[in-house]
Amino acid sequence: MSQALTLTADTDHAERPPVRRTPPLTTLLLLVVLSLFLSVGLGSLSIHPGQVLGIFAHQLGLEAFSTFEPRHEAVLLGIRLPRALLAMVVGAGLGLSGAAMQGLFRNPLADPGLIGVSSGAAFAAAGAIVIGGSLLSGAPGAVIMPLAAFSGSLLTTLLVWRIAQRGGRVQVATMLLAGIALNALTGAGTGALTLIASEPQLRSITFWSLGSLNGAGWMTLATVVPFVGLALFALPRLSRALNALLLGESEALHLGVRIERVKHGVILLTALAVGASVAVAGLIGFIGLVAPHLVRLLWGPDHRTLLPGAALMGALLLSFADLLSRTLIAPAELPVGILTALMGAPFFLWLLLRSRGVGVSR
Amino acid sequence: MIRHLLTLTLLCATTAPMALLSSGCKRGAAEQERTKAPESATPEDVPAMPLTLRDATGAEIAVEDTSRIVSSGGTLTEIVHALGFGDRLVGVDTSSLHPGSVTRLPKIGYQRQLSAEGVLSLSPSLILASEESGPPPVMAQLRASGTPLFVVPTEHTVDGAKATVRTLGTLLEREDAARALVEAMERDLASARDLHPSDDTTRPRVLFIYARGQGTLNVAGEATAGDVMIGLAGGVNAVRGFEGYRPLTAESVVSAAPDVILMTRMGSESVGGGDSVFELPGLALTPAARTRRLVVMDDLLLLGFGPRTGEAALELARALHGAAPSASAAPEGGAP
Chain C
14 MSQALTLTAD
24 TDHAERPPVR
34 RTPPLTTLLL
44 LVVLSLFLSV
54 GLGSLSIHPG
64 QVLGIFAHQL
74 GLEAFSTFEP
84 RHEAVLLGIR
94 LPRALLAMVV
104 GAGLGLSGAA
114 MQGLFRNPLA
124 DPGLIGVSSG
134 AAFAAAGAIV
144 IGGSLLSGAP
154 GAVIMPLAAF
164 SGSLLTTLLV
174 WRIAQRGGRV
184 QVATMLLAGI
194 ALNALTGAGT
204 GALTLIASEP
214 QLRSITFWSL
224 GSLNGAGWMT
234 LATVVPFVGL
244 ALFALPRLSR
254 ALNALLLGES
264 EALHLGVRIE
274 RVKHGVILLT
284 ALAVGASVAV
294 AGLIGFIGLV
304 APHLVRLLWG
314 PDHRTLLPGA
324 ALMGALLLSF
334 ADLLSRTLIA
344 PAELPVGILT
354 ALMGAPFFLW
364 LLLRSRGVGV
374 SR
Chain D
1089 MIRHLLTLTL
1099 LCATTAPMAL
1109 LSSGCKRGAA
1119 EQERTKAPES
1129 ATPEDVPAMP
1139 LTLRDATGAE
1149 IAVEDTSRIV
1159 SSGGTLTEIV
1169 HALGFGDRLV
1179 GVDTSSLHPG
1189 SVTRLPKIGY
1199 QRQLSAEGVL
1209 SLSPSLILAS
1219 EESGPPPVMA
1229 QLRASGTPLF
1239 VVPTEHTVDG
1249 AKATVRTLGT
1259 LLEREDAARA
1269 LVEAMERDLA
1279 SARDLHPSDD
1289 TTRPRVLFIY
1299 ARGQGTLNVA
1309 GEATAGDVMI
1319 GLAGGVNAVR
1329 GFEGYRPLTA
1339 ESVVSAAPDV
1349 ILMTRMGSES
1359 VGGGDSVFEL
1369 PGLALTPAAR
1379 TRRLVVMDDL
1389 LLLGFGPRTG
1399 EAALELARAL
1409 HGAAPSASAA
1419 PEGGAP
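Keeping their order, the protein sequence lines are chains C and D. Heads up, the first sequence is in our numbering, so the first residue is 14 and it goes up one at a time. Heads up, the second sequence is in our numbering, so the first residue is 1089 and it goes up one at a time.
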């Protein structure tokens, strides 16, 4: 009940310019910019900060800034920069989707991965790889693959949603169980596809299940930006509705929230963002789960801070994880999905122990 | 070392049998001709001109500088070393395990999971890559980097092994060394042939089990590296009627009735090593189990189809036909 009171109070003051809102987001934004510089500056090929500046100056038409080799420029602009940006876009998409889903389902475990969205996307992508065959080798592959992953992601989300609905209310336990069942189902489907896949197709499927940003170029970035961008633009507009939803569906309804529209909006937008992210980067776990909880722990459960905060936190976490994946065993590489789970899981456990439980509304 | 084995085990378990199949005997002479044609066209008395050769992807690759070589693929690394350019290797992938000295070089990861920046950070002047190297976006990035990337055509046949050695000989301008390697290979193959039983009906039936742990046991059918090697050594593949690898089942093993079980060293170790292979489903009921005939050979030696192809055939022939087995190919059950 005390939750309800504080939140009602919050809605009352909604018209007042929020005081706490700016500092956390500014801090996060600064950290994200810092990690972008680190990601661009560090890698298995050592490029001096001076050379980095020189290369960018060269791009802007300013000559004779610093000496660098063409090799450095090719690595920085063709390999490192698009990859660093992709890590941020994908991380932001996953963090934001996690936060929105946790809000919608009013459940702290509603990570896109846990309710089968990611594995649905991976299954569809694997299907596209195996059945699409040679169609996917060239430019059309860049379009078909994210579309398939997107459809898979949307379909599984809708299924879980449908199954978990009883008399207009979402049954949380049913939702998680349905998610587990669909995870198993799509996992079996992906398994069956690996049996009939040829060797290069198998290699591509393996890439999904480990998660990696390796090989990302400007085209990859261009594929995923519209999908995640749409979610980044539209989801924060649902912050107040999600805040009201924390009270319960009927309470939100009484507060004038058009619940069905919010539900569909969240589902569609997260499926878009997660589907596109999985399509280009494979299965990257824990960002969608940990980023929102971190923000909630630091700055509270208000979705107006939480949604952009989780996006920035996701971007920060994934770009840091990818930096480690590129440098830890250089010149070889660790799949980033392994790292996020390796860092995320113990951290999450520590969080659970420290804060006597983690909730959506704290 | 453990990391390499882990990576290998993980990745080979799912991909290797199919890799061996896909780059099997089918791709034939056409490609060899293609790669050999420029060889004769290159004027050998003008070394200043950059050498241009067509690689397995069909691209014309100009090679000027072979002072810093990154090699992705165990067989390629082995050939570069055998051609006398071991000291020019600056980085290799994790499947490069022979000779031992190359395992101390910087590792660029498993050949299928390369990182473009990682490879380029070694400042290579030439990148040699097996056809299995990838993932494709990384190969595209490497091509775009301007460093010559030569994808070497490989094949699991004697002709394929010779062609690979000759291609690299031409590329690295070590034709004489390549010729010597091919001649040595032919000598060993001839010695192996001398050991073949004169009567074809007395050839031992050999079952090659490709194992990557208890859960991943495959038998090698026709047109696999194992099948070709068994033929070269004068044995008969105990399983016929299909191409590529198939999961091992108890019944199929019994009906194959092999006289000898052939395994790679890593494969044998992954199921417990030594005689524990005879505890696998169905194996206890085979003639091989009764006589305890198990041959274990080094992975890259047996399946690599590199410069040691002849050596491998000879070693296997000695193990199969009982003539003074060398140390590394000793039948691990001992004589009955």
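Note that beta-carbon positions come from the ideal geometry of N, C-alpha and C, so glycine has one too. Computed from a predicted structure; not experimentally measured.
Using 7 angstroms as the threshold, is the C-beta distance between C:Ala294 and C:Leu352 below it? On the first sequence, residue 294 of chain C is found 281 positions in, with the first residue counted as 1. On the first sequence, residue 352 of chain C is found 339 positions in, with the first residue counted as 1. No; because the gap between Cβ atoms is not below 7 angstroms, this pair is not in contact.
Contained beta strand (DSSP E) runs [length at least 3] in the segment 1227-1286 of chain D, N- to C-terminal order: 1237-1240
For chain D, find out if any of its Cβ atoms is closer than 7 angstroms to the Cβ of C:Glu262; answer yes or no. Position 249 of the first sequence, counted from the start, is the residue given in the question as residue 262 of chain C. No, its Cβ sits nowhere closer than 7 angstroms to a Cβ of chain D.
Taking the alpha carbon of D:Leu1295 as the reference point, which residue from D:Val1180, D:Leu1177, D:Arg1381 has its own alpha carbon closest? For the purposes of this step, residue 1295 of chain D is taken as the residue at position 207 of the second sequence. Comparing Cα-Cα distances from D:Leu1295 to each of D:Val1180, D:Leu1177, D:Arg1381, the minimum goes to D:Arg1381.
Grab me the residues of D:Ala1249's own chain with a C-beta within less than 6 angstroms of its C-beta, minus the 5 sequence neighbours each way, in chain order. Walking along the second sequence from the start, residue 1249 of chain D turns up at place 161. For D:Ala1249, where only same-chain residues beyond five positions count, the Cβ hits under 6 angstroms are Phe1393, Thr1397.
Where C:Pro239 sits in the DSSP three-state scheme: Start at 1 with the first residue of the first sequence, and residue 239 of chain C comes out as number 226. The answer is helix: DSSP assigns C:Pro239 an H, G or I state.
Along chain D, which residues have their Cβ under 7 angstroms away from the Cβ of C:Gly56? Numbered from 1 along the first sequence, position 43 holds the residue referred to as residue 56 of chain C. Within chain D, the residues near C:Gly56 are Glu1205.
When you compare the CB positions of C:Ser52 and C:Leu336, do they come within less than 7 angstroms of one another, or not? Here residue 52 of chain C refers to the residue found at position 39 of the first sequence. Here residue 336 of chain C refers to the residue found at position 323 of the first sequence. Result yes, Cβ atoms of C:Ser52 and C:Leu336 sit closer than 7 angstroms.
So that I know if they touch, is there some Cβ in chain C lying closer than 7 angstroms to that of D:Leu1214? Counting from one through the second sequence, the residue named residue 1214 of chain D turns up at place 126. The beta carbon of D:Leu1214 does not come within 7 angstroms of any beta carbon belonging to chain C, so the residue lies off that interface.
Does C:Ala343 get closer than 7 angstroms to chain D when you measure Cβ to Cβ? In the first sequence, the residue the question calls residue 343 of chain C occupies position 330. It does; some Cβ of chain D falls within 7 angstroms.
Exposure label - D:Ala1278; buried when at least 16 CB within 10 Å: Here residue 1278 of chain D refers to the residue found at position 190 when the second sequence is read from its first residue. Burial call: exposed.
What separation, rounded to the nearest whole angstrom, lies between the Cα atoms of C:Gly74 and C:Thr318? Here residue 74 of chain C refers to the residue found at position 61 of the first sequence. Here residue 318 of chain C refers to the residue found at position 305 of the first sequence. Approximately 39 angstroms, taken between the alpha carbons.
Quick one: what's D:Pro1335 bridged to in DSSP? Along the second sequence, read from residue 1 onward, the residue named residue 1335 of chain D stands at position 247. Per DSSP, D:Asn1306.
State the beta-bridge partners of D:Asn1325 as determined by DSSP. Your numbering for residue 1325 of chain D matches position 237 in the second sequence. D:Val1294, per the DSSP bridge assignment.
For a cutoff of 7 angstroms on Cβ pairs, would you count D:Ser1155 as touching chain A? Of the protein chains in the structure, C and D, none is chain A.
Bridge partners of D:Lys1195, per DSSP? Position 107 of the second sequence holds residue 1195 of chain D. Beta-bridge partners of D:Lys1195 (DSSP): D:Val1180.
Mind checking the segment 1211-1237 of chain D against chain C and listing, in chain order, the residues whose C-beta falls within less than 9 angstroms of any C-beta there? Ser1211, Glu1220, Gly1222, Pro1223, Pro1224, Pro1225, Val1226, Met1227, Ala1228, Gln1229, Ala1232, Ser1233, Gly1234, Thr1235
Span of the beta strand (DSSP E) holding D:Ala1150? Along the second sequence, read from residue 1 onward, the residue named residue 1150 of chain D stands at position 62. It spans 1148-1151 - the beta strand (DSSP E) in which D:Ala1150 sits, taken as one unbroken run.
Could you run through the segment 80-96 of chain C and flag, in chain order, every residue whose CB is less than 8 angstroms away from some CB of chain D? Pro83, Arg84, Ala87, Val88, Gly91, Ile92, Arg93
If you measure between the beta carbons of D:Leu1389 and D:Asp1276, is that distance less than 7 angstroms? Counted from its first residue, the second sequence places residue 1389 of chain D at position 301. Counted from its first residue, the second sequence places residue 1276 of chain D at position 188. Contact: no.
Name the chain D residues that come within less than 9 angstroms of C:Gly165, Cβ to Cβ? For the purposes of this step, residue 165 of chain C is taken as residue 152 along the first sequence, with counting starting at 1. None at all; the shortest Cβ gap to chain D is about 21 angstroms.
D:Leu1048 versus C:Leu215: straight-line alpha-carbon distance, rounded: As shown, chain D starts at 1089 and ends at 1424. That puts residue 1048 of chain D outside it, with no answer to give.
Paired residues, beta bridge with D:Ser1159 - DSSP: Locating residue 1159 of chain D in the second sequence gives position 71, where the first residue counts as 1. In DSSP, D:Ser1159 forms a bridge with D:Val1180, D:Leu1216.
Rounded to whole angstroms, what is the Cα-Cα separation between D:Ile1318 and C:Leu206? Along the second sequence, read from residue 1 onward, the residue named residue 1318 of chain D stands at position 230. Along the first sequence, read from residue 1 onward, the residue named residue 206 of chain C stands at position 193. Whole-angstrom Cα-Cα distance: 32 angstroms.
Could you give the DSSP three-state label for C:Leu226: helix, strand or coil? Taking the first residue of the first sequence as 1, we reach residue 226 of chain C at position 213. Residue state for C:Leu226 is assigned as coil, using DSSP reduced to three classes.
Look up C:Thr80 in the DSSP assignment and say whether it is helix, strand or coil. Position 67 of the first sequence, counted from the first residue, corresponds to residue 80 of chain C. Residue state, collapsed to three classes: coil.
Measure the beta-carbon distance from D:Ile1215 to D:Val1207 and round it to whole angstroms, keeping in mind my assumption that it falls under 8 angstroms. The residue labelled residue 1215 of chain D in the question sits at position 127 within the second sequence. The residue labelled residue 1207 of chain D in the question sits at position 119 within the second sequence. Confirmed, about 6 angstroms.
Which residues of the segment 1183-1202 of chain D have a Cβ closer than 9 angstroms to any Cβ of chain C? Give them in chain order. Pro1194, Lys1195, Ile1196, Gly1197, Tyr1198, Arg1200, Gln1201, Leu1202
Minimum Cβ-Cβ distance from D:Leu1208 to chain C less than 7 angstroms: The residue labelled residue 1208 of chain D in the question sits at position 120 within the second sequence. Yes, D:Leu1208 lies at the interface with chain C (some Cβ there is under 7 angstroms from its Cβ).
Give the C-beta separation of D:Ser1213 and D:Thr1258 to the nearest angstrom, bearing in mind that I take them to be a contact with Cβ-Cβ under 8 angstroms. Your numbering for residue 1213 of chain D matches position 125 in the second sequence. Your numbering for residue 1258 of chain D matches position 170 in the second sequence. Contact doesn't hold; Cβ gap of about 17 angstroms is too wide.
Quick check: the segment 62-69 of chain C against the segment 112-119 of chain C, are there 3 or more CB pairs under 8 angstroms? no
Please confirm whether C:Arg96 and C:Ala229 have their CB atoms less than 7 angstroms apart. The residue you call residue 96 of chain C lines up with position 83 of the first sequence. The residue you call residue 229 of chain C lines up with position 216 of the first sequence. Yes, they are a contact pair.
Using a cut-off of 9 angstroms between C-beta atoms, extract the partners of C:Phe339 located in chain D. For this step, residue 339 of chain C is matched to residue 326 along the first sequence. According to the sequence displayed, residue 339 of chain C carries Arg and not Phe. Under the 9 angstroms cutoff, chain D gives Ser1203, Glu1205, Gly1206.
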